[in-house]
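For the sequence shown, this note's numbering begins at 58 and goes up steadily by one.
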Amino acid sequence: MITLAILYWLASKIGGTVGVNWFYEQLPVDPNTGKLESDGVYGQTVQAPREQGQDLHTFVTLYVVVANGVTDKNGNPVPSKQATDDLADSIEDAVSNALDDSTAWTLTVPPTGQKFTDVRILTSTGKNTMPMMANGAIVKSLEIEVWYKKG
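Structure representation (structure tokens):
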């Protein structure tokens with residue numbers, strides 16, 4: 058659930074809504090058709106090992122996909138590759154500054170109220186380009202590392 062809390066935090070920093078363009082434990086591709094389901098950011102948890110007495114530790118892989126109808130502040134179309142890069146850069150910036158941002162130290166999952174404390178969010182990888190989707194969408198991935206306590 059820490060991944061979901063991080064998605065809520067990132068959406069509050071960058072813009073968007075969890076469940077609309079920020080997705081928890083989903084992939085951006087329909088496994089039956091191979092088609093892109095929706096533009097957005099897809100967070101998947103990769104649990105890390107933990108030694109006795111240490112805080113909880115996990116990795117979160119974020120897949121960023123922007124393929125459709127993005128415009129700049131003047132209403133001009135933005136190429137999907139640029140829009141995807143811009144969103145991935147915004148995520149990287151938020152994560153890179155998380156240790157200096159007190160809003161990242163205690164995270165909550167709003168629908169359930171589940172709380173995580175002593176949260177430390179760090180970059181694990183930079184943005185990587187994934188294979189292009191059949192519809193021409195560019196997918197970027199980046200991984201973040203998270204240390205936290207429940208409660």
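Glycine included, C-beta positions come from ideal geometry on N, C-alpha and C.
If you reduce the DSSP assignment to three classes, tell me which class residue i lands in.
{"i": "ASP175", "result": "strand"}
{"i": "LYS70", "result": "helix"}
{"i": "THR163", "result": "coil"}
{"i": "ILE201", "result": "strand"}
{"i": "LEU93", "result": "strand"}
{"i": "THR128", "result": "strand"}
{"i": "THR169", "result": "coil"}
{"i": "THR60", "result": "helix"}
Start and end of the alpha helix (DSSP H) containing residue i?
{"i": "GLN104", "result": "That residue, GLN104, is in no alpha helix (DSSP H); its beta strand (DSSP E) goes 97 to 104."}
{"i": "ASP142", "result": "137 to 153"}
Taking the alpha-carbon of residue i as reference, which of the options has the nearest alpha-carbon?
{"i": "THR174", "options": "LYS70, GLY72, TYR205", "result": "TYR205"}
{"i": "ARG125", "options": "GLN139, GLY170, TYR65", "result": "According to the sequence displayed, residue 125 carries Asn and not Arg. Checking every option, the nearest Cα to that of ASN125 belongs to GLN139."}
{"i": "SER95", "options": "PHE80, PRO188, LYS207, MET187", "result": "PHE80"}
{"i": "PRO188", "options": "LEU61, VAL86, ILE71", "result": "VAL86"}
{"i": "VAL127", "options": "VAL203, ALA194, GLY208", "result": "ALA194"}
{"i": "ASP143", "options": "THR160, ARG177, GLY72, LEU113", "result": "GLY72"}
Looking at residue j and residue i, is the spacing between their C-beta atoms short of 8 Å?
{"i": "VAL123", "j": "GLY100", "result": "no"}
{"i": "MET58", "j": "VAL135", "result": "no"}
{"i": "THR180", "j": "GLU149", "result": "yes"}
Can you list, in chain order, the residues of its chain with a C-beta nearer than 7 Å to that of residue i? Leave out the 5 residues immediately preceding and following it.
{"i": "ALA145", "result": "VAL121, LYS184, LYS197, LEU199"}
For the beta strand (DSSP E) that residue i lies in, which residues bound it at each end?
{"i": "LEU113", "result": "113 to 122"}
Whose C-beta lies closer than 6 Å to the C-beta of residue i among residues of the same chain, with five residues either side of it excluded?
{"i": "VAL75", "result": "LEU64, TYR65, ALA68"}
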